[in-house]
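Working notes, structure below.
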Amino acid sequence: MISVLNTIDTGHEDMIHDAELDYYGLRLATCSSDNSVKIYDIKSGTQTLAADLKGHFGPVWQVAWAHPKFGNLLASCSYDRKVIIWKESGEWTKLYEYSGHESSVNSVAWAPEEYGLILACCSSDGSISTITYNQDGGNWDVKKIPGAHAIGVNSISWCPAISADLHLDPLTNKDAPKRIVSGGCDNLIKIWKEQGDQWIEENRLEMHMDWVRDVAWAPSLGLQRSMIASCSQDKRVVIWSSDDNVSWSPTILNTFDDVIWSVSWSLTGNILAVSGGDNKVSLWRENADGQWLCISEVAKGLGQAPNEERSTL
Amino acid sequence: MSVHWSSEIMKWEYRELQATAMSVDYSGNNVLLAGRRWLAIKHISVDDDSGDIVKKYPRPSKYDAAGAEWCQTYPGQKLCAIASNQRVDVYEWRAGNDLTCICSLRGHTRVVSDTHFHRQDHNIIATCSIDTFTYLWDLRDSRKPIVSLSAVAGASQVQWNKVSSHLVATAHDGDIKIWDYRKSSSPLHYISAHLCKIHGVDWSPHHEYQLVTSSHDGSIKYFDINNARKAENVIMTNFPVWRAIYTPFGNGLLTIGVGWGGLPRVEQAGVIGIWIGGTLTHRLVGHTDTVQTMVWRPNTLPSNYQLVTWGRDQTLRLWTMHPSLLKMCSHYLPDDLENEDINSDVSYASTISSINDLSVSDNKGEEIQMNKIVHKTTTSIDEEFESIREMANIEVTDMNIETRICQIHSERNGYTANLQVTFPRNVTEQTIPKFSWLSGTNVDSGTTIKILQAINRTAYRKKKEGHRCLLHCLKTLATSIDEIPVKSNEDSDSMKSSQRSHSESENAGDSCIPFPRTCGAKWCGVSTLVVFNRPPNTRRLSLKPETGTPRSMSSLSLTPGLFTSSYTSVSPHATTTPSPTNASGFPQLHHRHASNSITTFYFQDRWKAQSRRAGSMRSRGSISGCLAPRVLLYAASDLFPLNRTLAERYVINADNPVDMCEKNAKVATEEGELELAHAWGLAGLAARSLDARTVDHIVSSEESMGWTGHPLCCNLVQALITHYAKSSDLQTAAMLTCAFSVFNDTNISSSVSTISSSSCGNSTSPYSTINQYSEISADGWTLPIILRSNSCSEAENLNTEYSGTKSEPSTACVIDKSTAHLYHCFKRAYADVLHRWQLLYKRTEVMKLVRTYPETVMGGMGTMSGVGVVGEAAWECAWCGRTVRGPACSSCRRLSLRCGVCSRGVKGLVLACGLCSHAAHAHHMLAWFSQHDTCPTGCGCKCVIEGNSIWKGVKYV
């Protein structure tokens with residue numbers, strides 16, 4: 001059973017494109033076509049608007065909270081080709097603005113906290129940028145992967161730092177190899193690995209027949225197997241699994257009725273939430289035989305009374 | 001910063017005309033002023049400052065003149081076009097006194113926003129309107145347009161290329177479209193230039209492929225149309241820019257703003273900015289209100305450029321450009337010409353006027369005169385063209401005596417230069433031809449300007465000496481190209497890639513931006529699902545039922561029916577004639593269609609109803625009123641085998657696994673988790689047997705060896721852990737590893753456990769105030785280390801020596817290294833879950849059991865900062881930076897810690913600040929803080945005051 005915890009009337013003047021709770025699940029950030037980002041304090045069934053961040057001049061596509069050990073940081077990316085990192089210190093202010101992309105920035109993702117404060121973003125100009133906070137200089141270093149995907153990059157996700165690699169200190173995982181997975185308009189999924197100063201293409205996964213809209217690397221418990229979920233304009237969701245992060249084998253989770261826009265893993269990495277153009281959300285879990293089963297379909301429409309939306313397993 | 005200038009040489013005021021548009025004719029001597037009630041022609045000349053209007057013609061009309069324009073060709077110099085509402089009237093100024101309307105161009109269905117005569121063919125005129133169409137008309141048959149260029153958004157500007165005769169640029173809201181009018185079906189290039197409306201477009205006088213745009217968003221962008229994905233250069237101003245035009249000389253730019261440019265009216269209104277190399281260097285001051293039009297006076301000598309402006313203050317002004325400005329723009333000025341400036345100017349102007357005088361007499365005479373002139377100059381152009389000989393790296397690709405144009409192609413070292421030489425008609429012997437770059441040139445614009453200078457210089461010199469110049473100019477070109485430093489491979493690669501990306505981006509813009517998602521679900525926190533989607537009864541606008549959800553945002557613009565309506569109402573100039581005066585103030589930035597159309601895409605019905613109610617005005621607020629986008633949070637904790645209550649109640653006591661297992665079994669039973677209780681029971685049994693052996697292993701080590709290998713002991717425990725991990729029950733798996741960490745870890749000699757990330761703070765508010773004082777800590781909490789150890793020891797018996805529980809490897813469950821590592825990973829992942837649940841204390845206990853390998857280097861922070869080690873403090877040596885745990889550094893053999901007060905080494909008791917980690921002798925510290933509240937090192941930390949809150953938080957834990 002899953003039940004509605006909160007219903008938040010965002011007050012946005014246009015469609016919402018992303019919403020995310022922070023690390024502790026106490027704050028909600030939403031972003032919209034009305035060019036604004038809003039932050040709500042969530043407390044047992046009630047919510048209050050904490051901030052209305054205006055700084056983008058175009059629809060804001062995605063928001064991402066940083067790990068709280070870096071302070072209260074929120075990154076947002078927009079059609080206006082900019083990435084803004086907001087910081088709360090009493091008030092919410094713009095901490096850093098990155099305008100190194102030449103087209104709409106479609107996705108932002110913070111690196112696992114073990115690596116330090118690193119933000120990755122990708123754009124329709126075909127490139128991926130990583131922005132690293134350099135504590136010594138107090139400045140932000142930018143590294144770019146130009147031409148990562150022809151036409152454009154739609155989504156990125158970081159490989160978790162907790163890894164089965166023996167030589168890594170489980171406490172810090174600082175030295176775990178940094179990997180990013182990206183999906184783009186060339187129908188490809190690419191895995192990038194940082195080597196020295198460079199991001200190199202380690203792998204490319206071919207399966208989708210249309211633009212890849214979202215990719216998500218599953219959180220790791222330290223087990224050998226790592227998984228990546230990808231979804232595409234071709235209405236399919238594919239689960240990629242690998243035992244060594246080198247060779248990946250695909251499993252088609254399902255072919256849906258409409259375009260799939262997003263995939264999201266739960267914290268323990270065993271339930272996948274899938275949503276798409278038909279306005280539906282479904283949850284999927286792998287059974288013991290390695291088959292993916294739909295366990296629940298939620299939120300067929302927000303207009304229904306919350307009671308009706310409860311769905312059973 | 002910028003120099004204020006008032007270099008106007010003439011000023012005339014005509015209040016009664018109420019003119020809204022101005023244009024200067026081909027000769028540069030007649031100015032047309034058009035208003036609602038009058039058309040007036042003014043003869044401007046420096047000598048005769050009568051201030052009188054030459055001719056005034058009544059123009060009874062309800063509408064303002066949106067634009068007035070003289071045809072800028074010799075044969076068409078008597079033609080002018082007046083745009084007014086949906087119509088464009090073309091007048092002919094006959095015999096110097098009769099202004100006759102020769103035709104009216106009717107075709108547009110909305111206000112005409114701009115007109116532009118073709119630069120060579122006086123019969124062709126381009127008009128554009130906010131009805132989204134751009135028409136080309138042939139004046140010989142003006143009933144309907146000869147070419148129609150269709151776009152999605154209304155056009156605000158139309159401009160013919162200054163070099164090529166086929167190219168025309170139109171501005172649509174924030175985008176530029178480049179057309180070859182011979183292929184009218186689709187634009188050659190599509191440039192997503194600005195996020196706000198583009199007010200002005202100007203082609204480069206020197207380059208076929210360069211243009212500059214000015215926009216309401218306050219930016220001015222230079223584009224190379226062949227590589228238009230990115231602006232070549234961007235100038236950010238602090239005011240909305242109404243017009244930005246190239247200087248005909250060098251590389252300068254002139255700008256006028258919209259309204260008062262965000263500055264107090266008196267100060268800013270009517271200031272013309274001159275930008276050189278991206279900075280505002282000069283301001284032309286004189287106009288007391290917004291400047292509406294500025295044009296370069298045609299047919300002035302290259303050494304004497306003049307600007308003609310008409311402002312809202314109803315004054316017409318004539319400005320000269322100071323020679324120093326020309327120099328700053330790196331315009332070539334022939335030194336020896338400077339003295340002759342005035343003379344040549346006069347003679348030059350008189351030449352022009354004499355032609356006028358002759359030609360106005362009657363039409364026949366004009367033709368004869370023209371023929372004469374053409375004939376006369378043809379000889380010289382023949383000579384010029386004949387003079388060209390074979391030259392290395394120079395290839396003449398086109399030579400046309402009729403149009404007096406010659407095109408040259410030159411290639412060297414990977415550089416390509418395509419130059420067009422245009423010999424003007426009806427000019428004196430001294431006039432040099434006009435040089436401009438064609439597309440295909442890949443030399444950067446700075447260098448092209450320099451080469452142009454060199455060529456101009458050569459041309460001047462040769463002309464002055466009375467020689468033909470073309471051959472020498474080409475020689476100059478060839479040597480200049482030779483002299484450009486050879487670019488490296490990288491450059492040429494990037495060149496290639498930019499060319500490639502050009503082809504990719506030909507239809508760039510929204511077509512490669514994914515269609516916005518309006519529905520999504522994200523797992524956040526431990527078990528919360530955040531869902532947002534479109535409100536109910538949203539009916540998608542069906543493009544075609546079978547197409548499904550579109551791929552890219554360009555699909556939004558494929559629905560023109562929607563768009564024309566929403567666009568025009570967004571455009572600030574929709575209902576009135578465009579002029580800088582009625583543009584709205586700066587801070588109001590216009591949303592692009594993207595944001596509007598995503599709503600309209602799904603809410604077509606509603607939007608129609610809305611617009612009917614509210615007339616044609618569209619209010620975003622009211623649309624949104626019925627949207628009310630919502631986000632739902634779902635609690636899905638039942639889907640996960642993670643239980644917060646259990647986490648809270650579970651006991652972690654690694655020193656006494658038996659006790660831990662039994663207590664946890666009880667907790668699980670009480671919570672109704674019988675299966676877990678059973679598992680804990682089994683684990684308890686295994687632990688008891690292991691524990692027993694630890695004690696009496698000396699007595700019967702053989703037996704104990706047997707028992708540890710028994711399937712119900714270690715194997716059972718491992719199987720349990722594996723089972724729970726596989727079924728994603730992280731909580732149980734991690735707790736079991738915690739219980740057996742004592743047995744698992746004995747083969748690791750060092751028992752020092754570190755906690756790198758402390759979890760201190762008030763547990764009711766995880767947003768600790770700590771980080772708000774420091775900027776950002778990129779590498780772990782800025783939380784002090786001393787605090788960690790303190791908080792931990794305060795919490796429980798953390799400073800126990802693990803060596804005490806060390807046992808012989810033989811008695812433990814021998815697990816291989818990878819399993820041990822895996823178990824640490826479980827604990828870590830579980831610690832993260834606890835952290836998210838804000839069970840910070842429990843988390844610390846789990847993290848304590850994550851063992852690090854002894855060789856791991858720990859990171860420190862400041863010279864005197866400590867490094868977190870449970871039970872003892874460590875710091876970086878003040879001298880060598882190594883991590884030290886005692887008073888003396890082992891490598892540099894000095895006292896490693898320096899006192900923050902007396903700067904000497906510290907041996908005894910040390911106190912460190914909880915916030916900034918600066919340390920000092922305890923007694924020094926106490927003495928210092930009895931009088932001060934800031935850190936003695938001068939780091940600015942208010943240790944006593946701010947540190948206090950942290951310590952308080954610790955007590956809660």
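Taken in order, these protein sequences are the chains called V and G.
For the first sequence, the tail end lands on 313 under the UniProt record's numbering, and the numbers increase by one without skipping.
For the second sequence, the tail end lands on 957 under the UniProt record's numbering, and the numbers increase by one without skipping.
In this text, a Cβ means the ideal position worked out from N, Cα and C, and glycines have one as well.
Please compile the residues from chain G whose C-beta is within a distance smaller than 7 Å of the C-beta of residue i.
i: S264 (chain V); result: A521, K522, W523
Following the continuous alpha helix (DSSP H) through residue i, name the residue where it begins and the one where it ends.
i: T73 (chain G); result: Unbroken run through T73 (chain G): none, as it is neither H nor E.
i: D933 (chain G); result: It is not in any alpha helix (DSSP H) - D933 (chain G) carries neither H nor E in the DSSP assignment.
i: Y841 (chain G); result: 840-848
i: A218 (chain V); result: Neither: A218 (chain V) is in no alpha helix (DSSP H) and is coded neither H nor E.
i: G446 (chain G); result: 445-464
i: N139 (chain V); result: Run containing N139 (chain V): none in the alpha helix (DSSP H); it sits in the beta strand (DSSP E), 139-145.
i: G715 (chain G); result: It is worth fixing the name first, because residue 715 (chain G) is Asn in this sequence and not Gly. First-last of the alpha helix (DSSP H) with N715 (chain G): 714-726.
i: Q18 (chain G); result: Counting along the chain, Q18 (chain G) falls outside any alpha helix (DSSP H), and DSSP gives it neither H nor E.
i: I481 (chain G); result: 470-483
i: R317 (chain G); result: Element bounds for R317 (chain G): not the alpha helix (DSSP H) but the beta strand (DSSP E), 315-320.
On the three-state DSSP scale, how would you describe residue i?
i: T377 (chain G); result: Residue placement at T377 (chain G) is flagged as unreliable, the pLDDT there being 45, under the threshold of 50; the coordinate-derived value follows with that caveat. Three-state DSSP puts T377 (chain G) in a helix.
i: I200 (chain V); result: strand
i: Y40 (chain V); result: strand
i: E673 (chain G); result: coil
i: G28 (chain G); result: coil
i: K907 (chain G); result: coil
i: Q47 (chain V); result: strand
i: A635 (chain G); result: strand
i: S104 (chain V); result: coil
i: R612 (chain G); result: In this prediction, R612 (chain G) scores a pLDDT of 43, lower than 50, which makes its location untrustworthy; no coordinate-derived value is stated.
i: P264 (chain G); result: With a pLDDT of only 49 at P264 (chain G), under 50, the local geometry of the prediction cannot be trusted, and no value is derived from it.
Give me the chain G residues within the contact set of residue i, using Cβ-Cβ distance strictly less than 8 Å, ordered along the chain.
i: G152 (chain V); result: C512, I513, P514
i: residue 316 (chain V); result: The requested residue 316 (chain V) does not occur in the structure, where chain V is confined to residues 1 to 313.
i: G276 (chain V); result: C519, T549
i: I180 (chain V); result: Neighbours of I180 (chain V) on chain G: none; closest Cβ ~18 Å, over 8 Å.
Cβ closer than 7 Å: which chain V residues qualify as neighbours of residue i?
i: Q838 (chain G); result: Y24
Taking residue i as the query, report the chain V residues whose CB atoms sit under 8 Å from its CB, ordered along the chain.
i: A725 (chain G); result: L221, L223
i: K462 (chain G); result: Those do not exist, as K462 (chain G) stays about 44 Å from chain V at its closest Cβ, beyond 8 Å.
i: T528 (chain G); result: L5, L21, G25
What residue range is occupied by the uninterrupted beta strand (DSSP E) comprising residue i?
i: R58 (chain G); result: Note that residue 58 (chain G) is Pro in the sequence shown here, rather than Arg. Unbroken beta strand (DSSP E) run through P58 (chain G): 55-58.
i: G520 (chain G); result: 520-524
i: Q731 (chain G); result: From DSSP, Q731 (chain G) is part of no beta strand (DSSP E) but of the alpha helix (DSSP H) over 730-739.
i: K190 (chain V); result: 188-195
i: A64 (chain V); result: 60-65
Taking residue i as the query, report the chain V residues whose CB atoms sit under 9 Å from its CB, ordered along the chain.
i: V846 (chain G); result: Those do not exist, as V846 (chain G) stays about 12 Å from chain V at its closest Cβ, beyond 9 Å.
i: V833 (chain G); result: L267, T268
Name the chain G residues whose beta carbon is nearer than 9 Å to that of residue i?
i: C185 (chain V); result: C512, P514, R551, S552
i: S76 (chain V); result: Neighbours of S76 (chain V) on chain G: none; closest Cβ ~14 Å, over 9 Å.
Near-chain G residues of the region 28-59 of chain V - C-beta to any C-beta below 8 Å: L28, T30, S32, S33, D34, N35, I42, F57, G58, P59
Minimum length 4: unbroken alpha helix (DSSP H) runs contained in the region 196-234 of chain G: none
Contact set between the region 205-233 of chain V and chain G, restricted to residues whose Cβ is under 9 Å from the partner: D210, W211, R213, D214, P219, S220, L221, G222, L223, Q224, Q233
In chain order, each beta strand (DSSP E) run of at least 3 residues that lies wholly inside the region 102-182 of chain G: 112-117, 124-129, 133-138, 147-150, 155-160, 167-172, 175-180
Near-chain V residues of the region 627-644 of chain G (beta-carbon distance less than 9 Å), N- to C-terminal order: L627, A628, P629, R630, V631, L632, L633, Y634, A635, A636, S637, D638, L639, F640, P641, L642
Whole alpha helix (DSSP H) elements within the region 253-283 of chain V, 4-residue minimum: none
Under 8 Å (Cβ pairs) to chain G, residues found in the region 101-118 of chain V: E102, S103, S104, N106, G116, L117
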